[in-house]
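**Q** One line per chain: the protein sequences are Z and F, in this order. Numbered according to my numbering, the first sequence terminates at residue 790, and the numbering increases by one at each position without gaps. Numbered according to my numbering, the second sequence terminates at residue 790, and the numbering increases by one at each position without gaps. Ideal Cβ placement from N, Cα and C applies to all residues, glycine included. Right, I'll just put the structure down here and ask away after.
Number of protein chains: 2
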Amino acid sequence: MTTHALIKDFQEALGKDNVLGAEADRYAYSYDSAVLEPAVPGVVVRPTDVAGLGKVVKLCNDAGAPLTVRGSGTNLSGGTIPKTGGVVVLTGALNKILEINTEDLYARVEPGVITAKFAAAVQAKGLFYPPDPGSQAVSTLGGNVAENAGGLRGLKYGVTKDYVMGVHFFDTDGELIKAGGRTVKCVTGLNLTGLMVGSEGTLGVLSEIFLKLVPPPAAAKAMMAIFDDVEAASQTVSAIIAAKIVPATLEFLDNFTIRTVEDFSHAGLPIDAKALLLIEVDGHPAMVAEDAAKVEELCRAHGAKRIQVAKDAAERNKVWEARRAALSALARVAPTTVLEDATVPRSQIPAMIKALDGIAAKYKLTIGTFGHAGDGNLHPTILTDKRNAEEWRRVEDAVDEIFDVALALGGTLSGEHGIGLAKAKYLEKETTRGTILYSRRLKKALDPKGILNPGKIMGE
Amino acid sequence: MTTHALIKDFQEALGKDNVLGAEADRYAYSYDSAVLEPAVPGVVVRPTDVAGLGKVVKLCNDAGAPLTVRGSGTNLSGGTIPKTGGVVVLTGALNKILEINTEDLYARVEPGVITAKFAAAVQAKGLFYPPDPGSQAVSTLGGNVAENAGGLRGLKYGVTKDYVMGVHFFDTDGELIKAGGRTVKCVTGLNLTGLMVGSEGTLGVLSEIFLKLVPPPAAAKAMMAIFDDVEAASQTVSAIIAAKIVPATLEFLDNFTIRTVEDFSHAGLPIDAKALLLIEVDGHPAMVAEDAAKVEELCRAHGAKRIQVAKDAAERNKVWEARRAALSALARVAPTTVLEDATVPRSQIPAMIKALDGIAAKYKLTIGTFGHAGDGNLHPTILTDKRNAEEWRRVEDAVDEIFDVALALGGTLSGEHGIGLAKAKYLEKETTRGTILYSRRLKKALDPKGILNPGKIMGE
Numbered sequence: 331m332t333t334h335a336l337i338k339d340f341q342e343a344l345g346k347d348n349v350l351g352a353e354a355d356r357y358a359y360s361y362d363s364a365v366l367e368p369a370v371p372g373v374v375v376r377p378t379d380v381a382g383l384g385k386v387v388k389l390c391n392d393a394g395a396p397l398t399v400r401g402s403g404t405n406l407s408g409g410t411i412p413k414t415g416g417v418v419v420l421t422g423a424l425n426k427i428l429e430i431n432t433e434d435l436y437a438r439v440e441p442g443v444i445t446a447k448f449a450a451a452v453q454a455k456g457l458f459y460p461p462d463p464g465s466q467a468v469s470t471l472g473g474n475v476a477e478n479a480g481g482l483r484g485l486k487y488g489v490t491k492d493y494v495m496g497v498h499f500f501d502t503d504g505e506l507i508k509a510g511g512r513t514v515k516c517v518t519g520l521n522l523t524g525l526m527v528g529s530e531g532t533l534g535v536l537s538e539i540f541l542k543l544v545p546p547p548a549a550a551k552a553m554m555a556i557f558d559d560v561e562a563a564s565q566t567v568s569a570i571i572a573a574k575i576v577p578a579t580l581e582f583l584d585n586f587t588i589r590t591v592e593d594f595s596h597a598g599l600p601i602d603a604k605a606l607l608l609i610e611v612d613g614h615p616a617m618v619a620e621d622a623a624k625v626e627e628l629c630r631a632h633g634a635k636r637i638q639v640a641k642d643a644a645e646r647n648k649v650w651e652a653r654r655a656a657l658s659a660l661a662r663v664a665p666t667t668v669l670e671d672a673t674v675p676r677s678q679i680p681a682m683i684k685a686l687d688g689i690a691a692k693y694k695l696t697i698g699t700f701g702h703a704g705d706g707n708l709h710p711t712i713l714t715d716k717r718n719a720e721e722w723r724r725v726e727d728a729v730d731e732i733f734d735v736a737l738a739l740g741g742t743l744s745g746e747h748g749i750g751l752a753k754a755k756y757l758e759k760e761t762t763r764g765t766i767l768y769s770r771r772l773k774k775a776l777d778p779k780g781i782l783n784p785g786k787i788m789g790e
Numbered sequence: 331m332t333t334h335a336l337i338k339d340f341q342e343a344l345g346k347d348n349v350l351g352a353e354a355d356r357y358a359y360s361y362d363s364a365v366l367e368p369a370v371p372g373v374v375v376r377p378t379d380v381a382g383l384g385k386v387v388k389l390c391n392d393a394g395a396p397l398t399v400r401g402s403g404t405n406l407s408g409g410t411i412p413k414t415g416g417v418v419v420l421t422g423a424l425n426k427i428l429e430i431n432t433e434d435l436y437a438r439v440e441p442g443v444i445t446a447k448f449a450a451a452v453q454a455k456g457l458f459y460p461p462d463p464g465s466q467a468v469s470t471l472g473g474n475v476a477e478n479a480g481g482l483r484g485l486k487y488g489v490t491k492d493y494v495m496g497v498h499f500f501d502t503d504g505e506l507i508k509a510g511g512r513t514v515k516c517v518t519g520l521n522l523t524g525l526m527v528g529s530e531g532t533l534g535v536l537s538e539i540f541l542k543l544v545p546p547p548a549a550a551k552a553m554m555a556i557f558d559d560v561e562a563a564s565q566t567v568s569a570i571i572a573a574k575i576v577p578a579t580l581e582f583l584d585n586f587t588i589r590t591v592e593d594f595s596h597a598g599l600p601i602d603a604k605a606l607l608l609i610e611v612d613g614h615p616a617m618v619a620e621d622a623a624k625v626e627e628l629c630r631a632h633g634a635k636r637i638q639v640a641k642d643a644a645e646r647n648k649v650w651e652a653r654r655a656a657l658s659a660l661a662r663v664a665p666t667t668v669l670e671d672a673t674v675p676r677s678q679i680p681a682m683i684k685a686l687d688g689i690a691a692k693y694k695l696t697i698g699t700f701g702h703a704g705d706g707n708l709h710p711t712i713l714t715d716k717r718n719a720e721e722w723r724r725v726e727d728a729v730d731e732i733f734d735v736a737l738a739l740g741g742t743l744s745g746e747h748g749i750g751l752a753k754a755k756y757l758e759k760e761t762t763r764g765t766i767l768y769s770r771r772l773k774k775a776l777d778p779k780g781i782l783n784p785g786k787i788m789g790e
C-alpha cells in the first residue's frame, strides 16, 4: 500500500529528509510501550507544518494506505502500533505552543508538544495545566488527547478530556474540521471535541488543540503514610474520600513495588512497609493545613505505623519522582512487564487489592500493585517473560480474571491506558454488542476506506 | 408517517393512556421556548419505563417516523420542536433517581428527572451537583445532557458535560448502547458519552445517565456591586479573573434588566444603577473571606459606587432568585423575547457589551443584557413583536451582527442554548464546510433513515 508513487508524493509534499524509508527507521516505529507484536510500517513521515500534515492524510486516503499517527510512542495498549503496516506519521516536528492566554485561561498547541514542557511553560506564566500522565516527560499533548491520558492528579483535577476545550483536525479527505474553541461554554455543533478525545487516532488527525488552564493552588502539602498491612492502607483510601477530602493525589504502592522502586531510585522509601500511601493536598493554605491534619488523623486511625510529611519542595519532589519511576523500576526486574489499568469505583479499592493478591497466588505470578488509588485506578503489574509460553498462558488468564473482577466491582477495562489493540477483544464484556456495532458504523462513515489507525478500539 | 398502524403499535407497547393523539395534546407539544414556528406532531407518546422507550424508538425507525424527545420543553433554540412532525416522546414518566452513591460520588438517573429536584436530593445526602441552568426548576436532566446545559456556576464548576460520567442510550434499532460508567477515569471504547452530550437528540435516545457529584463548598459569600457606568462594571469582570480569583458565579445585569427584574421580583435591586455585578465566592471559609475581600477591593478600584454583601442565606437567595427570574421578567415586557447567548472569551466582555450597545442603537431596538459575564456568556435579550414585520427584519439583522461580533472577538454562536433549528444556518460561520459535512456523515451512519430529531444542529 506504500507504493513507490506514494513515497514520491510524500517527498514532494514534505521534502526528502522528512520521508524515512530505511529499514532501521521503519523498525524503530514498529512498536510502542505495550507488550504486543510489533508491525513494521512501509514508510515513516515527519510533517514539519500543519499544511504538510493535511497533505499526508489526503495522500494516504487517496492511496488507501493505512496511517498511524505517533507522538512519543509511550502508549500502553498498542495504539501506536501500525498493525496493518502503511504509514507512520510522526508529530515531533509539530511542536509549537501557539498561545498561552493568561487573561482567558487557555492555550493553543500543536499536537507534538511534549506534555512536561508545556506544563512548565504554563507554570512560567503563573498558571497550571493539571493532567500529568506518568509519561509526561516524553509524551506529547496530541497523544494525551488521542488516548485521553490520566495521571496522578485525576482524583481532584480530572483527566485530559476535562481540559480539552476544542480541537482542529483533518478528516480523511484532508479537510480541516473545527470543534470547540476559546470559550469555557460552547455548544456550537456536535461535541466533536469530546468525540476526538480518546478516539486513538481512528476518526481524524489532530492539528491543533485548545487546552483549558487554571490558576495554580496557593499551597500544597505532601505526606507518606506507612502501613504494616495492605488492607489497612486500602481502607484508609476509602475513609479519606468518605470524609469528603479530595486530595490532589492519593497513590498506593505495595511492598513489592516499594522495594523495587527504592532499589531503582534511592529516594528513602521504607522497604519493610507492607504498603504506602503517598498523599498530597493542595489549595488555599488554611484548607491545606486542615485537610492534611484530617488525612493524618484518618491514616493513624486506620493503623498507619508512621507518617512522614515532606519538609520542603525538594523532599516532596523526591518522593513523587520515585513514584513516577515505578514503571521503569518494575520493568528492570523481568524481561516482560504487563502493566494493567483496570479501574473500579473508589470504594471498591480494598476489594480490588484483595482480589489481585488472590489472582497472583492462583496463577503463581509476581504482581506488583501501585497506582492512583484515590480515583480507583490501580496498575497491577505482572513481571514475566513472554518467551516462557507456559507462564505467558498463566499471565493471559490472570489478566482475563483481573478484567472480570474489575467489571464485577462496577469498574472498567481501562482507566487511562486506552483500548488500542490490547483490549479490543474485551470491549463487549463491559459494553454491549450494539455499542461495538454503533462505534463501527460511526468509524466507517468517517473513515470509509479504513485508513485511520486500523484495528484499534473497535477491532476489525 | 404516523399511520394508524404505528399508533396501534404504540398503544400496545405503552398502554392506550400513554398515547396522546388529541389535537390539544399535539398542539401543546408543537413548540418550545424558542421564538420559532411551531410544528405539530402526529402523535405524542409517554413511555413509563425504559423498555417502553426502547420499543418506541424501534417502532419509529421501522415506520420511518421522525421522533423528537422532549423533557420540559425549556429549550431556547428549537431543539424540541418536531420540525417534520412525527412522534413526540415525553420523558416525564421516566423520572426515577436510581442511585445516589455517597461513597463513590456519582448518581444514576433516568432522563426525565427534574434538575432542581435532583440537586435537592443530592444536597440532602450531603453532596453537590453544580450545573444550574436558568430553567432548573422545571428542566429535566435528559434535556440538560442533550443540550449540554450551562448555568450560573459555569465559571468555577463547568457545565453539564463536565458532570456526565456515562450514558446508556438506544440506537435507532432500539439496541442499548453503553458508554462510560461509575469511575472517574474510563477510556473504554470511543467517548460516546462525550458525543451524546449536546447532540440534541440527533444520535440516540438517552435511557440512563451517570452523573458526577462533588463535596459541597464549606462556605459561600454573595455580594452585589453597583456601578454608575457599564464599562466600569465590565472591566471589573476582567480584573477579577486576571487576579486569578474564580468566583462560583459572576453575573452582569444592565440597567434595563435591573429595572425589569425589580419590577417583577421586588428583591430590592437598585433601579438607578447603570450596571450590577452579582458575585458569589465559595470554598474553604478562609479562602472565601480572602477572595471576597479581594473582589470587593477590585470592584471599588474599578469604580463600584456601592457594594452590598448578603447578610445571610435568605438575603443571598433573594438576589439569586431575582437574577434567575430575569428571562421571565423580560418576557413580560413585549410580545416576543429573543434571548441570545453568543459567548466570548472572558477578556472580551467589555468589548462585547460595548458592541451590543452599538447594535441596539443601530437597529433601534430594546436590548436588555444580562448573563454569566464570568465565563463570557452574555444573554442579550431583544424585546420585540414578531408580528411587526419591519421591526422583525431589524431584529434578524441585529442577531446576525451579534453573531458576527462574537465570532470576531474569538467567541462562539452559542454558549449554552444549543444550535437546534435557530442557529443551524450559522454553523459554517464558526466552523468550516468540512465540519458540517463530517457531522452529517456521522449522523447519517447512526441514523440512516433520519428519524432522530430531524433538522437540528447540522441542518438538512
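How many Å lie between F500(F) and G750(Z) at the Cα?
**A** Mapped onto the second sequence, residue 500(F) falls at position 170. Mapped onto the first sequence, residue 750(Z) falls at position 420. Using only the alpha carbons, I get a separation of about 25 Å.
**Q** Listed in chain order, which residues of the segment 445 to 460 of chain Z have Cβ atoms closer than 9 Å to some Cβ of chain F?
**A** Those residues of the segment 445 to 460 of chain Z that come within reach of chain F (Cβ to Cβ, closer than 9 Å) are G456, L457.
**Q** Can you pull the chain F residues whose beta carbon is under 8 Å from the beta carbon of A509(Z), in chain order?
**A** Within the first sequence, residue 509(Z) is the residue found at index 179, counting from 1. Within chain F, the residues near A509(Z) are T761, T765.
**Q** Give the interface partners of I787(Z) over in chain F, defined as CB-CB distance under 8 Å, in chain order.
**A** Within the first sequence, residue 787(Z) is the residue found at index 457, counting from 1. What I787(Z) touches in chain F: G519, L520.
**Q** Does the segment 736 to 744 of chain F come close enough to the segment 603 to 623 of chain F that 3 or more CB-CB pairs lie under 8 Å?
**A** In short, these stretches do not touch, since the Cβ pair count stays below three.
**Q** Rounded to whole angstroms, what's the CA-CA distance from G698(F) to I588(F)? Just pull it up for me.
**A** Looking up residue 698(F) in the second sequence gives position 368. Looking up residue 588(F) in the second sequence gives position 258. Spanning the two alpha carbons is a distance of roughly 9 Å.
**Q** If contacts are defined as beta-carbon pairs under 8 Å, then I444(F) and T470(F) qualify, I think. What distance do you get, rounded to the angstrom?
**A** Numbered from 1 along the second sequence, position 114 holds the residue referred to as residue 444(F). Numbered from 1 along the second sequence, position 140 holds the residue referred to as residue 470(F). About 6 Å; that satisfies the 8 Å criterion.
**Q** Below 8 Å between beta carbons: does that hold for G442(F) and T421(F)?
**A** As a working note, residue 442(F) is residue 112 in the second sequence. As a working note, residue 421(F) is residue 91 in the second sequence. Yes, the pair counts as a contact, with Cβ atoms nearer than the cut-off.
**Q** Which partner residues of G382(F) appear in the DSSP bridge assignment?
**A** Along the second sequence, read from residue 1 onward, the residue named residue 382(F) stands at position 52. In DSSP, G382(F) forms no bridge with anything.
**Q** Mapping DSSP to helix, strand and coil, what is N585(Z)?
**A** Residue 585(Z) sits at position 255 when you count from the first residue of the first sequence. Here N585(Z) sits in helix by DSSP.
**Q** Hey, does R646(F) have any beta-carbon neighbour from chain Z nearer than 8 Å?
**A** Counting from 1 along the second sequence, the entry for residue 646(F) is found at position 316. No - not a single Cβ of chain Z is within 8 Å of the one on R646(F).
**Q** To which residues does DSSP link I329(Z) through a beta bridge?
**A** Absent from the structure is residue 329(Z), since the part of chain Z shown begins at 331 and ends at 790.
**Q** Who are the neighbours of K574(Z) on chain F, taking C-beta pairs under 7 Å?
**A** As a first step, residue 574(Z) is located in the first sequence; it is residue number 244 there, counting from the start. Those are P545, listed as they occur along chain F.
**Q** Under a three-way DSSP split, which group does E790(F) fall into?
**A** Here the question's residue 790(F) lines up with position 460 in the second sequence. Coil at E790(F), not helix or strand.
**Q** By the DSSP assignment, the beta strand (DSSP E) with S769(Z) in it spans what residues?
**A** Within the first sequence, numbered from 1, the residue matching residue 769(Z) stands at position 439. Where S769(Z) is concerned, there is no enclosing beta strand (DSSP E), although the alpha helix (DSSP H) it sits in stretches over 763 to 776.
**Q** Note the first and the last residue of the continuous beta strand (DSSP E) segment covering R376(F).
**A** For this step, residue 376(F) is matched to residue 46 along the second sequence. Where R376(F) is concerned, there is no enclosing beta strand (DSSP E), given that its DSSP letter is neither H nor E.
**Q** How would you list, in chain order, the residues of chain Z whose beta-carbon sits under 8 Å from the beta-carbon of H292(F)?
**A** As displayed, chain F neither begins before 331 nor continues past 790, which places residue 292(F) out of reach and without an answer.
**Q** With a 10 Å radius around its C-beta and 16 neighbouring C-beta atoms as the bar for buried, classify H709(F) as buried or exposed.
**A** As a working note, residue 709(F) is residue 379 in the second sequence. Result: buried.
**Q** Between C390(F) and chain Z, is any beta-carbon pair separated by less than 8 Å?
**A** Along the second sequence, read from residue 1 onward, the residue named residue 390(F) stands at position 60. No, its Cβ sits nowhere closer than 8 Å to a Cβ of chain Z.
**Q** Within 10 angstroms of the Cβ of T579(Z), are there 16 or more other Cβ atoms? Answer buried if so, exposed if not.
**A** The count along the first sequence starts at 1 and reaches residue 579(Z) at position 249. Buried, by the Cβ-count rule.
**Q** Could you have a look at P441(Z) and say whether DSSP puts it in helix, strand or coil?
**A** Mapped onto the first sequence, residue 441(Z) falls at position 111. P441(Z): coil per DSSP, three-state reduction.
**Q** Name the one or two DSSP bridge partners that M553(F) has.
**A** Here residue 553(F) refers to the residue found at position 223 of the second sequence. Its beta-bridge partners are I609(F), V639(F).
**Q** Per the DSSP calculation, A354(F) is bridged to which residue(s)?
**A** Within the second sequence, numbered from 1, the residue matching residue 354(F) stands at position 24. Its beta-bridge partners do not exist; DSSP assigns none.
**Q** Return no unless some Cβ of chain F is closer than 8 Å to the Cβ of D434(Z).
**A** Here the question's residue 434(Z) lines up with position 104 in the first sequence. Closer than 8 Å to some Cβ of chain F, the Cβ of D434(Z) qualifies, so yes.
**Q** Would you report the Cα separation of A661(Z) and T714(Z), rounded to the nearest angstrom?
**A** Along the first sequence, read from residue 1 onward, the residue named residue 661(Z) stands at position 331. Along the first sequence, read from residue 1 onward, the residue named residue 714(Z) stands at position 384. Rounded to the nearest angstrom, the two C-alpha atoms are 10 Å apart.
**Q** At 4 residues or longer, what runs of the alpha helix (DSSP H) sit wholly inside the segment 384 to 457 of chain F?
**A** Runs found: 445 to 454.
**Q** Listing by chain order, which chain Z residues have their CB less than 9 Å from the CB of G698(F)?
**A** By 1-based counting over the second sequence, the position of residue 698(F) is 368. What G698(F) touches in chain Z: nothing, since even the nearest Cβ is about 20 Å away.
**Q** Quick one: what's K508(F) bridged to in DSSP?
**A** Position 178 of the second sequence, counted from the first residue, corresponds to residue 508(F). According to DSSP, K508(F) bridges with H498(F).
**Q** When you compare only the Cα positions, how much space is there between T490(F) and D559(F)?
**A** Position 160 of the second sequence, counting from 1, holds the residue named residue 490(F). Position 229 of the second sequence, counting from 1, holds the residue named residue 559(F). For T490(F) and D559(F), the distance between alpha carbons rounds to 34 Å.
**Q** Taking buried to mean at least 16 other C-beta atoms within 10 Å of its own C-beta, is D462(Z) buried or exposed?
**A** What you label residue 462(Z) is simply residue 132 of the first sequence in a count that begins at 1. D462(Z) comes out buried.
**Q** Closest to E790(Z) by C-alpha separation, out of E367(Z), T532(Z), D339(Z), V544(Z), would be which residue?
**A** In the first sequence, residue 790(Z) corresponds to position 460, counting from 1. Per the Cα distances, T532(Z).
**Q** What is the DSSP secondary structure of V489(F), reduced to helix, strand or coil?
**A** On the second sequence, residue 489(F) is found 159 positions in, with the first residue counted as 1. In this structure, V489(F) counts as coil in the three-state DSSP scheme.
**Q** Can you tell which of W722(Z), E651(Z), D730(Z), G704(Z) has the C-alpha that lies nearest to the C-alpha of L686(Z)?
**A** As a working mapping, residue 686(Z) is identified with position 356 in the first sequence. When each option's Cα is compared against that of L686(Z), the closest is D730(Z).
**Q** Check E314(Z) in the structure and name its three-state DSSP category.
**A** Nothing in the structure corresponds to residue 314(Z), since chain Z is present only between 331 and 790.
**Q** Please name the residue in Q638(F), L782(F), K786(F), I781(F) whose C-alpha comes closest to that of L757(F).
**A** Along the second sequence, read from residue 1 onward, the residue named residue 757(F) stands at position 427. The option with the nearest alpha carbon to L757(F) is K786(F).
**Q** Identify the residues that DSSP records as bridge partners of L336(F): which are they?
**A** For the purposes of this step, residue 336(F) is taken as the residue at position 6 of the second sequence. In the DSSP output, where bridge partners are listed per residue, L336(F) has none listed.
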